[in-house]
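In order, the protein sequences belong to chains E and L. Quick note: the first sequence uses numbering that gives the first Met the number 0, first residue 0, plus one each step. Quick note: the second sequence uses numbering that gives the first Met the number 0, first residue 0, plus one each step. Using N, Cα and C, we set each Cβ at its ideal position, and we do this for glycine too. Below is one structure, written out as structure tokens; comments come after it.
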Amino acid sequence: MRRFCLLLSFCFTVLGFTAQAMAGGIAFVINSAGASISVIDMATQKEVRRIPTLREPHHLILSPDGRSLLVGDTTGNQMMFLDPNTGQVQQRVPVTDPYQLAFSPNGKFLTVNGLARNQVDVYDAASMKLVKRFPVVATPSHLAYSPDSSTVFVSLQDCDKLAAFDLRTMTPKWTVPVGKTPAGVLWLNGKVLVADMGTDYIAVVDPETGKVLEHVETGKGAHNLFLSPDRKILWVNNRAGGTTVSMDAATLKPIRTYAIPGGPDDMDFAPNGKIWITRRWAEKVAVLDPATGSFETIDVGRSPHGLFLNPRGPAPTVVSSR
Amino acid sequence: MGDPFDLAAGWMQENLLIPMLYQFGLMNWEDVSYNWAVFALYGAAQVAITFAVCLPLEHWRPVERWPDSKAVVVDVLYTLLSRVGILPLVTYVLFYRAQVSVSGWMTDQGWVPPTLEGLFPVLLGQQVLTFVLYAIILDFSDYVRHFLSHQFRWWWALHSLHHAQRQMTFWSDDRNHVLDDLIAFVWFGVIALLIGVPPLQFPLLVLMLRFLESLSHANVRLSFGWLGDRLLISPRFHRAHHGVLGAGDRSCNYGSVLPWWDMLFGTADFSRDYVPTGDPSGEEALATGTWTQQQMAGLRRFARTFRRAHVRHGA
């Protein structure tokens with residue numbers, strides 16, 4: 000009996016540890032000015048280790064098959080591939096100035112914006128071969144695809160324009176002025192939304208003609224926009240105002256404004272309804288509870304930028320990342 | 000808890016710089032402004048620490064005492080411009096963007112600009128060790144650049160502004176002609192292309208290196224001892240480089256932080272003891288003029304070297 004109890008106790012302990020580990024989830028936050036990636040245990044909301052990068056990483060994206068997390072290291076001219084469950088480095092590939100990056104919805108292309116080099120590169124997602132380079136006037140910043148993957152839209156920050164590129168013919172479609180210092184781009188309800196950081200609004204753009212249809216006020220320095228997982232709420236981070244605004248995704252009417260000081264930038268959504276936001280000048284990530292408006296903070300490295308949550312991943316442990 | 004300098008820079012960014020940039024429609028500079036804020040705050044700390052340490056040292060055991068220190072005032076301006084003012088901003092904007100652009104172009108040609116970590120993968124993850132290695136390599140490259148600036152007439156014409164100071168103090172480290180600074184930036188950029196240069200991940204180490212450079216110019220009778228002088232450059236060692244006898248191509252002790260390169264290449268001189276400094280061959284304005292007068296005098300001297308060369312070639 001005593002042996003049985005001990006065995007039972009052992010089993011519960013093992014199961015408990017396993018469940019705890021599985022329930023955790025793992026988050027990655029890129030410290031752009033710290034040349035590192037913070038690995039965070041989502042359950043405890045603590046940084047557990049840092050993965051060193053070469054020089055200056057900014058953004059990251061999950062591969063279509065979910066097996067790799069691609070991290071663009073701009074001045075390192077390198078794309079790091081990480082295991083999204085553990086943070087282990089899978090490979091490093093030379094890529095020119097990978098600033099902002101995203102896979103097309105059909106998984107066929109990877110578009111990489113070279114912000115400093117004024118180029119938009121379209122890669123074959125499977126082979127990582129460069130398919131087409133589009134030279135642009137200035138500083139391609141953010142990007143978004145049309146749902147059918149036929150077009151990619153790129154904001155050109157320093158020349159106040161939005162450019163569209165046809166991925167079927169690999170030709171430029173149009174480049175139009177959209178406001179002052181355009182940054183975040185998002186496809187929503189058949190329109191392209193562009194956050195104009197030099198203003199307090201987002202521009203709503205016709206994807207066919209590039210015509211600006213309307214301006215929707217969000218707050219000073221509208222920088223980046225995100226759609227909630229249920230596609231009902233549009234979230235906009237306002238860089239200069241230090242706020243995050245929730246809006247009805249169908250009507251673009253504001254719902255609530257949250258104070259997120261410290262340069263709110265990238266965002267991701269946790270299954271518990273909380274929203275993780277990098278705060279560029281505060282060396283912190285805010286974990287916002289939209290219901291109460293309060294947020295908790297997680298200490299990370301210098302100039303936290305790109306953010307990725309993997310709630311299904313096991314809680315991270317301290318392992319070598321080499 | 001984050002780095003206090005970074006948090007202070009963040010506060011500056013949020014409360015002073017961003018409102019100003021937004022107001023003037025310059026939000027595309029927001030990344031640059033934050034980096035400048037970090038540079039400027041570390042620069043201010045460098046100046047404050049250097050001041051707090053070096054000033055008492057200079058009062059304690061000065062090499063020279065002067066009836067007035069008017070000539071030093073302009074060196075203070077050089078230091079402030081260089082470490083907390085416009086220079087870090089220009090450096091960042093010019094150097095960073097140029098470096099990214101050129102290294103990116105090289106990557107396109109199939110040649111990925113190497114990095115120490117790429118050449119020696121064992122360094123990946125060893126960030127402090129990597130930084131120290133970079134610091135040693137960059138110190139060597141600076142030795143070569145400095146040595147060459149004493150060998151070419153046109154370059155010496157610019158660099159002589161740095162040597163013109165007869166009242167050399169810890170403020171004198173940054174007194175340079177802007178063209179001489181520009182050459183140094185380009186030089187640094189070339190090295191960055193050859194081996195890569197890590198971003199400012201260890202500002203405290205940079206702060207320490209800059210402190211040692213300032214200290215080496217201090218008006219203080221200070222040596223680190225026989226062994227110490229051979230490990231790190233002391234005020235005694237560097238003063239010999241600034242000595243009147245050391246002007247032009249007869250100089251010695253070209254190193255910035257480490258004396259190893261001087262020892263290795265036979266340019267070290269440990270025998271000179273607290274010599275008077277200055278460059279008698281230059282215009283007086285180079286020594287005692289205002290910032291603008293010094294810059295113009297340096298430019299005139301620079302131009303004259305080409306006129307002479309032209310006359311020689313014409314003859």
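- [ ] Within the same chain, show all residues whose beta-carbon is closer than 7 Å to that of residue 248 of chain L, passing over the 5 residues directly before and after it, in chain order.
- [x] Numbered from 1 along the second sequence, position 249 holds the residue referred to as residue 248 of chain L. Confidence is the limiting factor: at residue 248 of chain L the pLDDT is only 47, short of 50, which leaves the residue's position unreliable and the question unanswerable from this model.
Task: Cross-chain neighbours of residue 21 of chain L in chain E, by beta carbon under 8 Å - done: Translated into the one-based positions of the second sequence, residue 21 of chain L becomes position 22. By Cβ distance, chain E contributes 197, 219, 220 and 239.
Task: Residues of the segment 96-116 of chain E whose Cβ lies closer than 8 Å to any Cβ of chain L, in chain order - done: If you check each beta-carbon in the segment 96-116 of chain E against every beta-carbon of chain L, the ones closer than 8 Å belong to 96, 113, 115 and 116.
Open item on the list: At the 8 Å Cβ level, is residue 292 of chain L part of the contact set with chain E, yes or no?
Closed with: The residue given as residue 292 of chain L occupies position 293 in the second sequence. No, residue 292 of chain L does not count as interfacial toward chain E.
TODO: Take the Cβ of residue 282 of chain L as the centre, count every other Cβ of all protein chains shown within 10 Å, and call the residue buried at 16 or more, exposed below.
DONE: Here the question's residue 282 of chain L lines up with position 283 in the second sequence. By the neighbour-count rule (16 or more Cβ atoms within 10 Å), residue 282 of chain L is buried.
Open item on the list: Please tell me whether residue 281 of chain E has its Cβ less than 8 Å away from any Cβ of chain L.
Closed with: On the first sequence, residue 281 of chain E is found 282 positions in, with the first residue counted as 1. When Cβ-Cβ separations below 8 Å define contact, residue 281 of chain E makes contact with chain L.
Task: Contact set for residue 148 of chain E: own chain, Cβ-Cβ below 8 Å, skip 5 residues either direction - done: Position 149 of the first sequence, counted from the first residue, corresponds to residue 148 of chain E. Once the five neighbours on either side are set aside, the close Cβ partners of residue 148 of chain E are 103, 104, 105, 107, 108 and 166.
Open item on the list: Check for me: the beta strand (DSSP E) holding residue 40 of chain E runs from which residue to which?
Closed with: Residue numbering aside, residue 40 of chain E sits at position 41 when the first sequence is read from its first letter. Residue range 35-40 is occupied by the beta strand (DSSP E) that includes residue 40 of chain E.
Open item on the list: Can you tell me whether residue 200 of chain E is helix, strand or coil according to DSSP?
Closed with: On the first sequence, residue 200 of chain E is found 201 positions in, with the first residue counted as 1. In the structure shown, residue 200 of chain E adopts extended strand secondary structure according to DSSP, grouped into three states.
TODO: List the residues of chain L that residue 325 of chain E touches, going by C-beta distances under 7 Å, in chain order.
DONE: Absent from the structure is residue 325 of chain E, since the part of chain E shown begins at 0 and ends at 321.
Task: Collapsed DSSP secondary structure at residue 176 of chain L in the structure displayed - done: One-based indexing of the second sequence puts residue 176 of chain L at position 177. In the three-state reduction of the DSSP assignment, residue 176 of chain L falls in the coil class, being assigned neither a helical nor a strand state.
Open item on the list: Please report whether the beta-carbon of residue 180 of chain E lies at a distance below 8 Å from any beta-carbon of chain L.
Closed with: On the first sequence, position 181 is the one that residue 180 of chain E refers to. Yes, residue 180 of chain E lies at the interface with chain L (some Cβ there is under 8 Å from its Cβ).
Task: Distance between beta carbons of residue 112 of chain E and residue 94 of chain E, contact taken as under 8 Å - done: Translated into the one-based positions of the first sequence, residue 94 of chain E becomes position 95. Translated into the one-based positions of the first sequence, residue 112 of chain E becomes position 113. In fact, because the Cβ distance is near 11 Å, the residues do not count as touching under 8 Å.
Task: Residue nearest to residue 52 of chain E in terms of C-alpha spacing, selected from L:77, L:123 and L:59 - done: For the purposes of this step, residue 52 of chain E is taken as residue 53 along the first sequence, with counting starting at 1. Of all alpha-carbon atoms in L:77, L:123 and L:59, the one lying nearest the alpha-carbon of residue 52 of chain E is that of L:123.
Task: residue 48 of chain E to residue 38 of chain E span [Cα, whole Å] - done: For the purposes of this step, residue 48 of chain E is identified with residue 49 of the first sequence, where counting begins at 1. For the purposes of this step, residue 38 of chain E is identified with residue 39 of the first sequence, where counting begins at 1. Rounded to the nearest angstrom, the gap between the Cα atoms of residue 48 of chain E and residue 38 of chain E is 5 Å.
Task: Under 9 Å by beta carbon: chain E residues contacting residue 15 of chain L - done: Within the second sequence, residue 15 of chain L is the residue found at index 16, counting from 1. Contact annotation for residue 15 of chain L against chain E: no contact, minimum CB-CB distance about 12 Å [criterion: below 9 Å].
TODO: Can you check the segment 77-104 of chain E for any beta strand (DSSP E) of at least 3 residues that lies completely inside it and give the ranges in chain order?
DONE: Counting only runs of 3 or more, we get 77-81, 88-93 and 99-102.
TODO: Assess, as a yes-or-no matter, whether the segment 247-256 of chain E is touched by the segment 225-238 of chain E under the definition of 3 or more beta carbon pairs within less than 8 Å.
DONE: At 8 Å Cβ cutoff, the stretches touch.
Task: 7 Å CB neighbourhood of residue 60 of chain E in its chain, flanking five on each side removed - done: Taking the first sequence and counting its residues from 1, one reaches residue 60 of chain E at position 61. For residue 60 of chain E, where only same-chain residues beyond five positions count, the Cβ hits under 7 Å are 69, 100, 101 and 102.
Open item on the list: In the DSSP assignment, the beta strand (DSSP E) including residue 131 of chain E goes from what residue to what residue?
Closed with: In the first sequence, the residue the question calls residue 131 of chain E occupies position 132. Unbroken beta strand (DSSP E) run through residue 131 of chain E: 129-134.
Open item on the list: I'd like the list of long-range same chain contacts for residue 98 of chain E, defined as Cβ closer than 8 Å, with 5 residues on each side in sequence excluded.
Closed with: Residue numbering aside, residue 98 of chain E sits at position 99 when the first sequence is read from its first letter. Shown here for residue 98 of chain E: same chain residues with a beta carbon closer than 8 Å to its own, the five before and five after excluded, namely 57, 58, 71, 73, 111, 112, 113, 114, 115, 139 and 140 in chain order.
Open item on the list: Taking a contact to mean a Cβ-Cβ separation below 8 Å, would you say residue 63 of chain E touches residue 145 of chain E in this structure?
Closed with: In the first sequence, counting from the first residue as 1, residue 63 of chain E sits at position 64. In the first sequence, counting from the first residue as 1, residue 145 of chain E sits at position 146. No. Outside cutoff.
Open item on the list: According to DSSP, is residue 310 of chain E part of a helix, a strand, or is it coil?
Closed with: As a first step, residue 310 of chain E must be located in the first sequence, where it is residue number 311. Correct three-state label for residue 310 of chain E: coil.
Task: Neighbourhood of residue 4 of chain L by C-beta distance below 8 Å, restricted to the same chain and skipping five residues each side - done: Locating residue 4 of chain L in the second sequence gives position 5, counting from the first residue. Correct list, in chain order: 37, 40, 41, 44 and 202.
Task: Residues, ordered as in the chain, of the segment 122-152 of chain L that lie near chain E by beta-carbon distance below 8 Å - done: Those residues of the segment 122-152 of chain L that come within reach of chain E (Cβ to Cβ, closer than 8 Å) are 123, 124 and 126.
Open item on the list: Can you confirm whether the segment 10-23 of chain L touches the segment 163-178 of chain E when touching is taken to mean that 3 or more C-beta pairs between the two stretches lie within less than 8 Å?
Closed with: No, they do not touch.
- [ ] Would you identify the three-state DSSP class for residue 285 of chain E, choosing helix, strand or coil?
- [x] Along the first sequence, one-based indexing puts residue 285 of chain E at 286. Residue 285 of chain E falls in the strand class under three-state DSSP.
- [ ] Enumerate in chain order the residues of its own chain whose CB-to-CB distance from residue 288 of chain E is below 6 Å, with the five nearest sequence positions on each side excluded.
- [x] The count along the first sequence starts at 1 and reaches residue 288 of chain E at position 289. Contacts found: 273.
Open item on the list: Checking the sheet assignment: what are the DSSP bridge partners for residue 155 of chain L?
Closed with: Along the second sequence, read from residue 1 onward, the residue named residue 155 of chain L stands at position 156. Looking at the DSSP assignment, residue 155 of chain L forms no beta bridge with any residue, so it has no partner.
TODO: Output yes if chain E places a C-beta closer than 8 Å to the C-beta of residue 41 of chain L; else output no.
DONE: Numbered from 1 along the second sequence, position 42 holds the residue referred to as residue 41 of chain L. Chain E places no beta carbon closer than 8 Å to that of residue 41 of chain L, leaving this residue out of the contacts.
Open item on the list: For chain L, check one thing: does any of its Cβ atoms lie closer than 8 Å to the Cβ of residue 51 of chain E?
Closed with: Sequence index remark: in the first sequence, residue 51 of chain E carries index 52 (1-based). Taking Cβ atoms only, chain L reaches closer than 8 Å to residue 51 of chain E, which makes this a yes.
Task: Inter-residue Cα distance where the pair is residue 21 of chain E and residue 179 of chain E - done: Mapped onto the first sequence, residue 21 of chain E falls at position 22. Mapped onto the first sequence, residue 179 of chain E falls at position 180. Residue confidence is low: residue 21 of chain E scores 44 on pLDDT, short of 50, so the model does not pin down where it sits. Its coordinate-derived value is still stated next. Between residue 21 of chain E and residue 179 of chain E, the alpha-carbon positions lie close to 45 Å from each other.
Task: Short CB-CB distance (under 8 Å) between residue 183 of chain E and chain L - done: By one-based count along the first sequence, residue 183 of chain E stands at place 184. Chain L contact via Cβ: absent.
Task: Span of the alpha helix (DSSP H), counted from its first residue to its last, around residue 38 of chain L - done: Against the second sequence, residue 38 of chain L aligns to sequence position 39. Residue 38 of chain L -> alpha helix (DSSP H) spans 29-59.
Task: Collapsed DSSP secondary structure at residue 263 of chain E in the structure displayed - done: Along the first sequence, one-based indexing puts residue 263 of chain E at 264. When secondary structure is reduced to three states using DSSP, residue 263 of chain E falls in the strand class.
TODO: Quickly, what does DSSP pair residue 63 of chain E with across the bridge? List them, please.
DONE: Within the first sequence, residue 63 of chain E is the residue found at index 64, counting from 1. The beta-bridge partner set that DSSP reports for residue 63 of chain E is empty.
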